[in-house]
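Visitor: Protein chains in written order, with UniProt numbering: chain P, 1 to 212; chain G, 1 to 357. Cβ atoms here follow ideal geometry from the backbone N, Cα and C, with glycine treated the same way. Please read all numbers here as calculations on a predicted model, not as lab measurements. Here it is, the structure in full.
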Amino acid sequence: MPKPDLFSWQSGDSSVFSDGGQEHVLWQAFKQGDREAFANLLNRYYPLLLNYGVRFQRDREFVKDCLHDLFIELWNQRERLDDVRMLKPYLLTSLRRKLLRETRRLRWFREADEVTDEYAFEVQFTIESYLIHNEIQHEDLKRLHVHLDKLTRRQREAIYLRFFQEMEYDDIARVMGINYHSAVNLVYESLKLLRKNWFLTLFLALVSTLLP
Amino acid sequence: MKNYSQYQPDDFVQDPYFRKWALGELPPDDRFWTTWQATHPEQYEVLEQAKTLVIALRIESPTFDPQETESAIQQILAKTEISRHIPFYRLRWLQIAATILLISGLGYAFWLNREEAAISQTSLVQRASDQPREEFNSSTVPKTVRLADGSTVVLEPASRLRILAGFGDTKREVQLAGEAFFEVAKNPEKPFLVYTGNVVTKVLGTSFRIKAYDTDANVSVAVRTGKVTVFKQKDQPESRASLSDEIILTPNQQAVFVKADERLVKTLVEKPVIVSKLPALQSFDFTETPIPQVFGALEKAYGVKMVFDPDLLKDCNLTGALTSGTFYEKLTLVCETIQARYEIVDGQVVIYGKGCK
Numbered sequence: 001m002p003k004p005d006l007f008s009w010q011s012g013d014s015s016v017f018s019d020g021g022q023e024h025v026l027w028q029a030f031k032q033g034d035r036e037a038f039a040n041l042l043n044r045y046y047p048l049l050l051n052y053g054v055r056f057q058r059d060r061e062f063v064k065d066c067l068h069d070l071f072i073e074l075w076n077q078r079e080r081l082d083d084v085r086m087l088k089p090y091l092l093t094s095l096r097r098k099l100l101r102e103t104r105r106l107r108w109f110r111e112a113d114e115v116t117d118e119y120a121f122e123v124q125f126t127i128e129s130y131l132i133h134n135e136i137q138h139e140d141l142k143r144l145h146v147h148l149d150k151l152t153r154r155q156r157e158a159i160y161l162r163f164f165q166e167m168e169y170d171d172i173a174r175v176m177g178i179n180y181h182s183a184v185n186l187v188y189e190s191l192k193l194l195r196k197n198w199f200l201t202l203f204l205a206l207v208s209t210l211l212p
Numbered sequence: 001m002k003n004y005s006q007y008q009p010d011d012f013v014q015d016p017y018f019r020k021w022a023l024g025e026l027p028p029d030d031r032f033w034t035t036w037q038a039t040h041p042e043q044y045e046v047l048e049q050a051k052t053l054v055i056a057l058r059i060e061s062p063t064f065d066p067q068e069t070e071s072a073i074q075q076i077l078a079k080t081e082i083s084r085h086i087p088f089y090r091l092r093w094l095q096i097a098a099t100i101l102l103i104s105g106l107g108y109a110f111w112l113n114r115e116e117a118a119i120s121q122t123s124l125v126q127r128a129s130d131q132p133r134e135e136f137n138s139s140t141v142p143k144t145v146r147l148a149d150g151s152t153v154v155l156e157p158a159s160r161l162r163i164l165a166g167f168g169d170t171k172r173e174v175q176l177a178g179e180a181f182f183e184v185a186k187n188p189e190k191p192f193l194v195y196t197g198n199v200v201t202k203v204l205g206t207s208f209r210i211k212a213y214d215t216d217a218n219v220s221v222a223v224r225t226g227k228v229t230v231f232k233q234k235d236q237p238e239s240r241a242s243l244s245d246e247i248i249l250t251p252n253q254q255a256v257f258v259k260a261d262e263r264l265v266k267t268l269v270e271k272p273v274i275v276s277k278l279p280a281l282q283s284f285d286f287t288e289t290p291i292p293q294v295f296g297a298l299e300k301a302y303g304v305k306m307v308f309d310p311d312l313l314k315d316c317n318l319t320g321a322l323t324s325g326t327f328y329e330k331l332t333l334v335c336e337t338i339q340a341r342y343e344i345v346d347g348q349v350v351i352y353g354k355g356c357k
C-alpha cells in the first residue's frame, strides 16, 4: 500500500486546495488594519465557517452570533495575532472553540447540574438526492447508505473536514485538537467500517438469493 | 505520476483528482480516469468501489441565502468601523504616557479651573464643582475617547468634549462643542446627558451623532440605535412643565435645533441606514407586491414610520428589486411607480397618492 504517496498532496497538489502565498499577504494586510483585506477575509471565509458551525448547532442564529463575536475579536486584536500561513484551519479552530464554549455556557444556564464535553456533529449524506437527481438505480449505494448512520460524531467530523472542507490531516488534527495519527485513523476507520459492512450486506444479499 | 496501480479503494477515495472524476466535476475533455480504467482491467472493481464510496460520502451542504451571509458580513464590518481607533489607545507606552500626563494635567487643571469657573457665564461649568476633564481633537482624523462608564465618543476634528465633574455619580454628563458620534453604554440608573449650547440630549444607552459647531446655525442630533430624548436646556426634564419642547427620537430620526428661533424640529437623517437585524427584511425583491406591503418592508428595515392610506393604495403594486440606492432613492422610485409623492413630516414619511385602478 503506497502510504507515503497518499500524503504527498500536502506539498505536490497543495495548489488545488489553497493559495498559501496569497493568503499570507491577505492576513498581513488585515493585521495592519486594512479594511479591504478584512472585508475580503469575511467574504472568503464567512460562508464556509457558517457551514461548519451549523453542524454543531442547528440554531443558525446562535452560530451567526458566535461568528459575529469571533470576527470582532479578531479585528480588535489583529495586531497581537500570530502570523498565520493557512487561514482556513486557523479560523475553523477558533470557531470550533468558541462554539463549544458558548454551547457549554448555554447548557450551563439551562440545566445547571450537567456540564459535559459532549457535542453533536451533524452531517447529512446526499446519496438519496444523488440517486434521484441522476436517475440511477445503484444497489451498492443504497446498501452503503444504511451504514453511514453508524459513524461516530468524531468520524463524521473528520470526514467532513477531509472531504467537504478538503483539508490536510495535520490541519484536521489541529482543528479537532487531536494528533496527526488519530486524524488519519478517524478517516481510515470510517472507510474500513463502511466497506466491511457493505460487503457483509452484499454477501448476505447474495446468500439470500441463493437460498430457496 | 502516482503509482495508481498499487492503490486500494480507500487510497483512491483520498485522492483529490480521483474524487473529482467520481463526482463528475472534471472537465469533459479530461479523459485520464476513463482511459486509466480501460487500460487497467484488473483494477476495474477497485475503482468502481472507490467511486461508490466517494459518492456515498458526499455531504449535504445547507443552502444559505447569499443575502443572509452578506448582511451578517456587513454587520461585522459596521461594528468594527467605530472602534477603528481603539488599538491606538491600547498601546502600552501610550497608556503609561497618558496616565502621567493625566496626573500632572489634573493638578494644573484644578488650579486653572478655579479661575475659569469664576469667569464663565454658562451654567454648565458652574454645575461642575470640581475639575472637568477635557478632550480636544486637534488632529485631522476622528479621535476615539473612552469614558469611565464604558461609553465611547468618536470626536471629529476641531471638536471639544468636556466630561463634567461627578461623571457617573448619579448622572453621566458631558458637554460638546463640534461634532461627535456617541456610543453610550446602557445604564438606566444613570442617564447620559450631552449639553450642546441650548440643547440637551438625554439617553439611557444607545448610539447617535451630534453636530453642534458654534459657527453653525443649527444643532442636530441623529440617532443610530435606541431612543434619545432631546430638549432645550432651560426646560428641566424633571419639571415636565413644557413637554412639547421635549422630542423623542428613534433610529434614523434627527432633531434640529434652529438657533434663530430657538425651536426644535424633528426630521429624518440625511442618509437613513438599515437598522433591522433580521436579514429577511433587507431583501427588497418584489413581484407584484401590494404597495402597503412594500412600505411595510421599508418601515421595518429602516425603523421609520410610513404614513399612508392602505385602502387607497391597496390596488397599487410593485415589481422589481430595491436592493441598491439610498432610502430616499428607494422611496422616490416607489412613489414614481404609483404616481405619488412623499413628504417628511415630524420624522415620519407621509405618502400622498391617488391610488391605482
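Taking a cut of 7 Å between CB atoms, which residues from the segment 58-83 of chain G lie near chain P?
Guide: Result list: R58, I59, E60, S61, P62, F64, T69, A72, I73, Q75, I76, L77, K79, T80, S83.
Visitor: Who are the Cβ neighbours of R96/P in its own chain at under 7 Å, not counting the five residues just before and after it?
Guide: Around R96/P: V175.
Visitor: Interface residues of chain P around L53/G at Cβ under 8 Å?
Guide: Within 8 Å Cβ-Cβ: L144, L191, L194, R195.
Visitor: Going by the DSSP bridge assignment, what does E173/G pair with across the sheet?
Guide: L193/G, per the DSSP bridge assignment.
Visitor: I need the boundaries of the alpha helix (DSSP H) containing R85/P, first residue and last residue.
Guide: Where R85/P is concerned, there is no enclosing alpha helix (DSSP H), given that its DSSP letter is neither H nor E.
Visitor: List, in order along the chain, the chain P residues whose C-beta lies closer than 8 Å to that of A56/G?
Guide: Those are F125, I127, L141, L144, H145, L148, L194, listed as they occur along chain P.
Visitor: Start and end of the alpha helix (DSSP H) containing V273/G?
Guide: V273/G -> no alpha helix (DSSP H), and no H or E assigned at all.
Visitor: Decide if the segment 21-31 of chain P is in contact with the segment 60-67 of chain P; the criterion is three or more beta carbon pairs, one per stretch, under 8 Å apart.
Guide: Result no; under three Cβ-Cβ pairs closer than 8 Å.
Visitor: Contact defined as beta carbons within less than 8 Å: I believe N218/G pairs with F257/G. What is the distance between those atoms, to the nearest angstrom?
Guide: Indeed, because the Cβ distance is near 6 Å, the residues count as touching under 8 Å.
Visitor: The beta strand (DSSP E) spanning N317/G covers which residue range?
Guide: Per DSSP, N317/G belongs to the beta strand (DSSP E) from 317-321.
Visitor: Kindly list, in the order they appear in chain G, the residues whose Cβ is closer than 7 Å to that of V54/P.
Guide: Correct list: P62.
Visitor: Closer than 7 Å by beta-carbon distance: list the chain G residues that pair up with F71/P, in chain order.
Guide: Going along chain G in sequence order, the residues near F71/P (Cβ under 7 Å) are I76.
Visitor: Residues of the segment 156-188 of chain P in Cβ contact with chain G at a cutoff of 8 Å, in chain order, please.
Guide: Listed by position, the residues of the segment 156-188 of chain P near chain G (Cβ gap below 8 Å) are I159, Y160, R162, F163, F164, E166, V187, Y188.
Visitor: Kindly list the residues whose CB is nearer than 6 Å to the CB of E179/G, restricted to its own chain and excluding five residues on each side of it in sequence; keep chain order.
Guide: Hits under 6 Å: E156, S159, K211.
Visitor: Using only CA atoms, which one of E68/G, Q254/G, F208/G, K190/G lies nearest to Y46/P?
Guide: If we check each option's Cα against that of Y46/P, E68/G comes out closest.
Visitor: Do you know how far the Cα of I55/G is from the Cα of L91/P?
Guide: Roughly 28 Å separates the two Cα atoms.
Visitor: So, is the C-beta of W75/P closer than 7 Å to a C-beta in chain G?
Guide: Interface residue, yes.
Visitor: Give a yes or no on whether 7 Å exceeds the smallest Cβ distance from H24/P to chain G.
Guide: It does not; no Cβ of chain G falls within 7 Å.
Visitor: Is there a C-beta anywhere in chain P that falls below 7 Å from the one on D30/G?
Guide: No, D30/G does not count as interfacial toward chain P.
Visitor: Which residues in chain P have a C-beta closer than 8 Å to the C-beta of P142/G? List them in chain order.
Guide: What P142/G touches in chain P: nothing, since even the nearest Cβ is about 14 Å away.
Visitor: Short of 7 Å in beta carbon distance, which residues of its chain neighbour V123/P, apart from the five on each side in sequence? Order them along the chain.
Guide: Correct list, in chain order: R55, R156, Y160.
Visitor: Buried or exposed for N252/G, going by 16 or more other Cβ atoms inside 10 Å?
Guide: Per the 10 Å Cβ criterion, buried.
Visitor: Compare the C-alpha of P9/G against each of N317/G, H40/G, K51/G and name the closest.
Guide: It is K51/G whose Cα lies nearest to the Cα of P9/G.
Visitor: Is the Cβ of D10/G closer than 7 Å to any Cβ of chain P?
Guide: With 7 Å as the cut-off, D10/G counts as an interface residue toward chain P.
Visitor: Nearest by alpha-carbon distance to R58/P: which of R153/P, F121/P, L41/P, R104/P is it?
Guide: Ranking R153/P, F121/P, L41/P, R104/P by Cα distance to R58/P puts F121/P first.
Visitor: Let me check understanding here. Comparing Cα to Cα, which of R133/G, N198/G, N137/G lies closest to R172/G?
Guide: Of R133/G, N198/G, N137/G, the residue nearest in Cα terms is R133/G.
Visitor: Below 8 Å between beta carbons is the criterion; list the residues of the segment 26-57 of chain P that meet it against any residue of chain G, in chain order.
Guide: Hits within the stretch, in order: G33, R35, F38, A39, L42, N43, Y46, P47, L50, N51, V54.
Visitor: For residue 218/P, which residues in the same chain have their Cβ closer than 7 Å to its Cβ, ignoring the five residues on either side in sequence?
Guide: Missing from the structure shown is residue 218/P; chain P here goes from 1 to 212 and no further.
Visitor: Using the beta-carbon count (16 or more within 10 Å), is residue 359/G buried or exposed?
Guide: Past the edges of chain G, shown from 1 to 357, lies residue 359/G, and the structure says nothing about it.
Visitor: Quick check: the Cα distance between Y17/G and T323/G, rounded to an integer number of angstroms?
Guide: Roughly 40 Å separates the two Cα atoms.
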